[in-house]
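Accompanying notes for the structure given below.
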Amino acid sequence: MVEKKEGMLEFIRSDLAALTAYTPHPGGTGGKPAAPVAEILDRLDTNESPYDLPDDLKQKLAWAYQQELENNRYPDGGHTALRWAISEYVNESAGLPPGAFTPKNISVGNGSDELIRSLLIATCLKGEGSILVANPTFSMYTILAQSLAVPVVSVGRSSTTFETNLVEAQSAIEQTQNPPIRVVFVVHPNSPTGNPLTEAELNWLRSLPANVLVVVDEAYFEFSQNTLLADALQRPNWVILRTFSKAFRLATHRVGYAIAHPELVVALEKVRLPYNLPGFSQTAARFALAHRNLLLSMVPGLLAERNRMFQALQQHPALEVWASSTNFLYLRLRAEYPPERGDLGQVCQELKQMGTLVRYVSHGLRITIGTPEENQRTLMRLQTVLASKFSS
Ligand SMILES: *Cc1c(COP(=O)(O)O)cnc(C)c1O
Numbered sequence: 005m006v007e008k009k010e011g012m013l014e015f016i017r018s019d020l021a022a023l024t025a026y027t028p029h030p031g032g033t034g035g036k037p038a039a040p041v042a043e044i045l046d047r048l049d050t051n052e053s054p055y056d057l058p059d060d061l062k063q064k065l066a067w068a069y070q071q072e073l074e075n076n077r078y079p080d081g082g083h084t085a086l087r088w089a090i091s092e093y094v095n096e097s098a099g100l101p102p103g104a105f106t107p108k109n110i111s112v113g114n115g116s117d118e119l120i121r122s123l124l125i126a127t128c129l130k131g132e133g134s135i136l137v138a139n140p141t142f143s144m145y146t147i148l149a150q151s152l153a154v155p156v157v158s159v160g161r162s163s164t165t166f167e168t169n170l171v172e173a174q175s176a177i178e179q180t181q182n183p184p185i186r187v188v189f190v191v192h193p194n195s196p197t198g199n200p201l202t203e204a205e206l207n208w209l210r211s212l213p214a215n216v217l218v219v220v221d222e223a224y225f226e227f228s229q230n231t232l233l234a235d236a237l238q239r240p241n242w243v244i245l246r247t248f249s250k251a252f253r254l255a256t257h258r259v260g261y262a263i264a265h266p267e268l269v270v271a272l273e274k275v276r277l278p279y280n281l282p283g284f285s286q287t288a289a290r291f292a293l294a295h296r297n298l299l300l301s302m303v304p305g306l307l308a309e310r311n312r313m314f315q316a317l318q319q320h321p322a323l324e325v326w327a328s329s330t331n332f333l334y335l336r337l338r339a340e341y342p343p344e345r346g347d348l349g350q351v352c353q354e355l356k357q358m359g360t361l362v363r364y365v366s367h368g369l370r371i372t373i374g375t376p377e378e379n380q381r382t383l384m385r386l387q388t389v390l391a392s393k394f395s396s
């Protein structure tokens, strides 16, 4: 067979050549590292919980797999039981009365990533809309928009508080044409920076016209306990995204959900794949909800570890660390450390060679809170690497 160089297959959409596939662990977690990687790999780069399901829950889930799951049958494409359970949890989580949100307000996706894509398809495709993001933020909005050829308008944030530059954002809304901005994506609290939306940002979002969809990504709600569901109840142009991938400890099962006006839910259901969520994933998510108190009981300990890490990292003279409402911390080098001495991208690489994965983003490091042992190792390794580069 003739070897094909990239770019030779003429049937591939030409604009895809400029895109690269998403890599959760840039450089990989396996393969051949530059130096031998330490035995223990601390994966602190994707913000999952460090805790797998407890053994007895895993056993119950395995039992459900053996006794209930029909491997030969398609799963419930309407996610009926799961949507009921989610709507109940959603109301409880926001202190809303039972029935405030119902299954008609819920759409379930193969991770909230799928819902982000469905939202783009349902709003912006065919040249009908652009999206607005404030960087740095969750990269998937831009990646998915680009893969659908949806234009992305990005505005900046304060370099001290990471609040969105609202002057820029408002002028983008007013001036973007062909196509106009149809969707604004915000994360609450933001990733990678860990800050919740401020009153000013909230007021601005509330002031947006009804023909602009506001997507509030609450992937970290179970850590922040800060939700805008009450707004979504009042505003048909708001949608809240949540996920089972973080505090609920189910990242492998790929379950996310949207809470929205029923008409938007109908639109999302039209554009998704019919059997988007495997039966076992639906079972696992229902399990997680049924045992939510047990699963979420790890949250306070993770938050205490986050606070401990925050205190410890703040002691380092080279680092600026931001307070976080989530299960990760964001830090940058202080301005007085000039780039000639190295940057955090190199620190990230060296940590990897020592066996700790963290994420390098926008000149900073985002470090997921792991188990106390992982956190301690990370502190030690970070201190070692920084000492070699930045000690006075
Ligand atoms: C982790 C994360 C998600 C979750 O994505 P899933 O596809 O549900 O795993 C969504 N949004 C943000 C901001 C995240 O950090």
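Each residue of the sequence shown is one higher than the one before, counting from 5 in this note's numbering.
Ideal Cβ placement from N, Cα and C applies to all residues, glycine included.
Of the choices the options, whose alpha-carbon is the least far from that of residue i?
{"i": "Arg370", "options": "Ala22, Thr27, Asp49", "result": "Asp49"}
{"i": "His265", "options": "Ala223, Ala214, Phe314", "result": "Ala214"}
{"i": "Leu123", "options": "Arg276, Thr287, Pro376", "result": "Arg276"}
{"i": "Thr372", "options": "Met384, Arg345, Tyr93, Ser328", "result": "Ser328"}
{"i": "Thr375", "options": "Arg310, Asp60, Gly113, Ser249", "result": "Arg310"}
{"i": "Asn199", "options": "Glu378, Leu268, Pro140, Leu170", "result": "Pro140"}
{"i": "Pro28", "options": "Ala104, Lys62, Phe142", "result": "Phe142"}
{"i": "Ile422", "options": "Gln353, Leu268, Phe314", "result": "Outside the shown range of the chain (5 to 396) lies residue 422, about which nothing can therefore be said."}
{"i": "Gln353", "options": "Pro278, Arg363, Asn331", "result": "Arg363"}
{"i": "Arg381", "options": "Trp242, Ser111, Leu355", "result": "Leu355"}
{"i": "Gly305", "options": "Ala22, Trp67, Pro54, Leu13", "result": "Pro54"}
Would residue i and residue j be called neighbours here (beta carbons separated by less than 9 Å)?
{"i": "Gly359", "j": "Asp56", "result": "no"}
{"i": "Ile244", "j": "Ala236", "result": "yes"}
{"i": "Ile120", "j": "Tyr26", "result": "no"}
{"i": "Val187", "j": "Thr127", "result": "yes"}
{"i": "Ala294", "j": "Ala138", "result": "no"}
{"i": "Ala262", "j": "Leu100", "result": "no"}
{"i": "Leu136", "j": "Ser158", "result": "yes"}
{"i": "Ala292", "j": "Phe252", "result": "yes"}
{"i": "Ser116", "j": "Asp19", "result": "no"}
{"i": "Gly346", "j": "Asn114", "result": "no"}
{"i": "Arg336", "j": "Pro321", "result": "no"}
{"i": "Arg258", "j": "Leu272", "result": "no"}
{"i": "Glu74", "j": "Gly283", "result": "yes"}
{"i": "Asn331", "j": "Tyr224", "result": "yes"}
{"i": "Pro196", "j": "Pro155", "result": "no"}
{"i": "Ala289", "j": "Leu86", "result": "yes"}
How would you call residue i, buried or exposed, if buried means at least 16 neighbouring beta carbons within 10 angstroms?
{"i": "Ile185", "result": "buried"}
{"i": "Thr388", "result": "exposed"}
{"i": "Asp59", "result": "exposed"}
{"i": "Tyr78", "result": "exposed"}
{"i": "Gly368", "result": "buried"}
{"i": "Asn297", "result": "exposed"}
{"i": "Gln286", "result": "buried"}
{"i": "Phe15", "result": "exposed"}
Between which two residues does the alpha helix (DSSP H) holding residue i run?
{"i": "Thr287", "result": "283 to 294"}
{"i": "Asn95", "result": "84 to 97"}
{"i": "Arg381", "result": "376 to 394"}
{"i": "Thr127", "result": "115 to 127"}
{"i": "Thr146", "result": "144 to 151"}
{"i": "Gly133", "result": "Counting along the chain, Gly133 falls outside any alpha helix (DSSP H), and DSSP gives it neither H nor E."}
{"i": "Val362", "result": "Here Val362 belongs to no alpha helix (DSSP H), and DSSP marks it neither H nor E."}
{"i": "Arg276", "result": "Careful: Arg276 lies outside any alpha helix (DSSP H) and carries neither H nor E."}
{"i": "Val303", "result": "303 to 318"}
{"i": "Glu226", "result": "225 to 228"}
{"i": "Lys250", "result": "Neither: Lys250 is in no alpha helix (DSSP H) and is coded neither H nor E."}
{"i": "Leu233", "result": "233 to 238"}
Going by the C-beta, is residue i closer than 8 Å to any heavy atom of ligand 3?
{"i": "Arg258", "result": "Annotation note on ligand 3: not contained in the displayed structure, which lists ligand 1 as its ligands."}
For the beta strand (DSSP E) holding residue i, just list the boundary residues, first then last.
{"i": "Leu335", "result": "332 to 337"}
{"i": "Ala262", "result": "259 to 263"}
{"i": "Asp221", "result": "217 to 221"}
{"i": "Glu324", "result": "323 to 326"}
{"i": "Leu245", "result": "242 to 247"}
{"i": "Lys369", "result": "One detail in the question is off: residue 369 reads as Leu in this sequence, not Lys. Residues 368 to 372."}
What runs of the alpha helix (DSSP H), each 4 residues or longer, lie entirely inside the segment 140 to 207?
Annotation: the segment 140 to 207 contains the following complete segments of the alpha helix (DSSP H) (minimum length 4 residues), in chain order: 144 to 151, 170 to 179.
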